[in-house]
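Position one of the sequence shown corresponds to residue 267 (our numbering), numbered consecutively onward. Glycine is no exception: its CB is placed at the ideal position from the N, C-alpha and C atoms. In what follows, a structure is listed as structure tokens, so that the remarks can point back to it.
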Amino acid sequence: MSSDIPAYAPSEEHELLRQTVRELAEAKIAPKAAEVDETGEFPQDALDALVQNELHAVHIPESYGGAGADALATVIVIEEVARVCASSSLIPAVNKLGTVPVLLSGSEELKKKYLTPVARGEAMFSYALSEPEAGSDAASMKTRAVRDGDHWVLNGVKMWITNAGVSEYYTVMAVTDPDKGARGISAFVVEKSDEGVSFGPKERKLGIKGSPTRQVILENVRIPADRIIGEEGTGFKTALATLDHTRITIAAQALGIAQGALDYAIGYVKERRQFGKPIADFQGVQFMISDMAMKIEAARQLTYHAAIKSERAFHGAKVPDLTFVSSACKCLASDVAMEVTTDAVQLLGGYGYTRDFPVERMMRDAKITQIYEGTNQIQRMVMARQLLK
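Here it is in structure tokens:
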């Protein structure tokens, strides 16, 4: 084999980015992670640190003032922040989720207006698809958008919206033609300051407590007609295309949580002594650690593979298996995160079950990665359809 073939691995620039983000995360974000979890307060210090280092929305193209980072670089940023604080990792993750519909389908004017402030760190961007009665069956949504001259008027309730109330902008999916089913759904940009926009109380969650999850309530919200994303009736298509790219960021978050738990557990078993020696000397413990690391690395390789495919697709290449690999990496990485964090708690024994140590928080945080952006049961349905079509 020729020695000039690039290694099947992240580039030197990607690894330097990882080092930069890890140092920042350990210095500025990790010290407050437990407090963020305890209080449920939004991690403003983490946002400030990420913005100061231009890591809050690295995926935004340079033409809109962003860093123009590729999908793999975005994955690495999210992974390294999640390694110390899952709540804080939702800052770059949700900024991508909210803006991808605009990047994929929005007009040039819409891109300039809304991506530029996000790139500058002046605003965050959330994604509003789910509703109280439209979760996995998102196409059954009831939120309506009715055309009124040069405006659209939106009414409805969106549920489980990450960073709701903190984000300035929201991609909102709404029904514009109820007779057309999924083809009658359109996408819009709604601003927090729009008259008629309000938010429900913060959900009382098991994990990711520092990232507010709230309803977005739309009551006769009147927005200019040019805030539609793409053509009328293409919103659900845009929503599904978005998830093909952003499920990979949830895999990245899961990877980071799992890696953080493994790193802490390894440090612990080297120090904890029983029966006169470190418990790391016991073969049973060594097998657990090995399995944890093996699963994480397998999930990481699939996630990075999916990120490269996502990047190619974003630049216009036909990637017929993007839907499969994005579902696969999200499903695998989140299942691995749940397994690894549970094993990390087990390795710490009674200490792992207390809030004095971070692994129980990591276990609670990991659970959501199996649920949001499509449950892992839905991911398996998506994969099966791709395989059998």
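Report the CB separation of residue i from residue j in whole angstroms; it is logged as a contact under 8 Å.
| i | j | result |
| --- | --- | --- |
| phenylalanine 391 | tyrosine 330 | The pair is not a contact, with the Cβ atoms about 12 Å apart (cut-off 8 Å). |
| aspartate 492 | glutamate 375 | 7 Å |
| glutamate 328 | alanine 291 | Their Cβ separation, rounded to whole angstroms, is 24 Å, which puts glutamate 328 and alanine 291 out of contact at 8 Å. |
| arginine 349 | glycine 526 | 4 Å |
| alanine 430 | threonine 479 | 7 Å |
| glycine 473 | lysine 596 | Between lysine 596 and glycine 473 the Cβ distance is about 17 Å, and since that is not below 8 Å, they are no contact. |
| arginine 513 | serine 592 | 4 Å |
Under 8 Å, do residue i and residue j count as touching if we go by C-beta distance?
| i | j | result |
| --- | --- | --- |
| serine 433 | glycine 364 | yes |
| serine 600 | serine 477 | no |
| isoleucine 523 | methionine 628 | yes |
| isoleucine 495 | alanine 453 | yes |
| histidine 322 | isoleucine 295 | no |
| valine 487 | valine 455 | no |
| alanine 520 | alanine 603 | yes |
| leucine 370 | isoleucine 326 | no |
| isoleucine 555 | alanine 531 | yes |
| glycine 618 | valine 625 | yes |
| valine 366 | histidine 511 | yes |
| glycine 533 | leucine 484 | no |
| glycine 368 | threonine 409 | The residue asked about is misnamed: residue 368 is valine in this sequence, not glycine. No. Outside cutoff. |
| valine 324 | alanine 315 | no |
| alanine 262 | proline 398 | Here the chain comprises residues numbered 267 to 655, so residue 262 is not present and cannot be evaluated. |
| lysine 362 | threonine 515 | yes |
| valine 482 | alanine 394 | yes |
| phenylalanine 553 | methionine 649 | no |
| leucine 528 | alanine 448 | no |
Based on the DSSP secondary-structure assignment, which residues constitute the bridge partners of residue i?
| i | result |
| --- | --- |
| methionine 439 | Ala453 |
| lysine 424 | Val482 |
| aspartate 414 | His417 |
| arginine 539 | Pro544 |
| valine 487 | Leu420 |
| glutamate 397 | Ala400 |
| isoleucine 494 | Phe454 |
| serine 392 | Tyr436 |
| phenylalanine 465 | Val482 |
Taking the C-alpha atoms as reference points, what is the distance between residue i and residue j?
| i | j | result |
| --- | --- | --- |
| lysine 655 | glutamine 645 | 15 Å |
| valine 341 | valine 438 | 24 Å |
| threonine 241 | proline 297 | One cannot answer for residue 241 here, as it falls past the ends of the chain, which runs 267 to 655. |
| alanine 333 | valine 317 | 12 Å |
| threonine 641 | lysine 379 | 33 Å |
| isoleucine 562 | aspartate 631 | 16 Å |
| arginine 284 | valine 419 | 44 Å |
| methionine 558 | alanine 359 | 24 Å |
| histidine 280 | leucine 338 | 8 Å |
| glycine 450 | aspartate 303 | 40 Å |
| glycine 306 | lysine 471 | 9 Å |
| glutamine 643 | alanine 594 | 11 Å |
| valine 535 | alanine 565 | 24 Å |
| aspartate 622 | alanine 300 | 9 Å |
| alanine 507 | tyrosine 274 | 26 Å |
| aspartate 403 | lysine 446 | 16 Å |
| glutamate 497 | aspartate 443 | 13 Å |
| proline 691 | aspartate 416 | Nothing in the structure corresponds to residue 691, since the chain is present only between 267 and 655. |
| leucine 588 | phenylalanine 541 | 51 Å |
| valine 343 | serine 277 | 14 Å |
| glutamate 469 | methionine 647 | 28 Å |
| arginine 386 | threonine 428 | 20 Å |
| glutamate 608 | serine 373 | The sequence given here has threonine at residue 608, not glutamate. In a straight line, the C-alpha of threonine 608 is about 45 Å away from that of serine 373. |
| alanine 546 | glycine 499 | 58 Å |
| threonine 504 | glutamine 612 | 42 Å |
| glutamate 289 | lysine 575 | 28 Å |
| leucine 568 | leucine 598 | 9 Å |
| arginine 538 | glutamate 605 | 22 Å |
Evaluate residue i with the Cβ neighbour count: other Cβ atoms within 10 Å of its Cβ, from every protein chain shown; 16 or more gives buried, anything less gives exposed.
| i | result |
| --- | --- |
| tyrosine 570 | buried |
| leucine 653 | exposed |
| proline 586 | exposed |
| alanine 312 | buried |
| lysine 584 | exposed |
| serine 268 | For serine 268, the pLDDT reaches just 45, beneath the cut-off of 50, and the residue's location in the model is therefore unreliable, although a value from the coordinates is still provided. With fewer than 16 other Cβ atoms within 10 Å, it is exposed. |
| glutamate 577 | buried |
| alanine 573 | buried |
| glutamine 636 | buried |
| serine 459 | exposed |
| glycine 501 | buried |
| leucine 282 | exposed |
| lysine 475 | buried |
Can we count residue i as close to the ligand SAM, meaning its CB is less than 7 Å from some heavy atom?
| i | result |
| --- | --- |
| arginine 488 | The ligand SAM is not part of this structure, which contains no ligands at all. |
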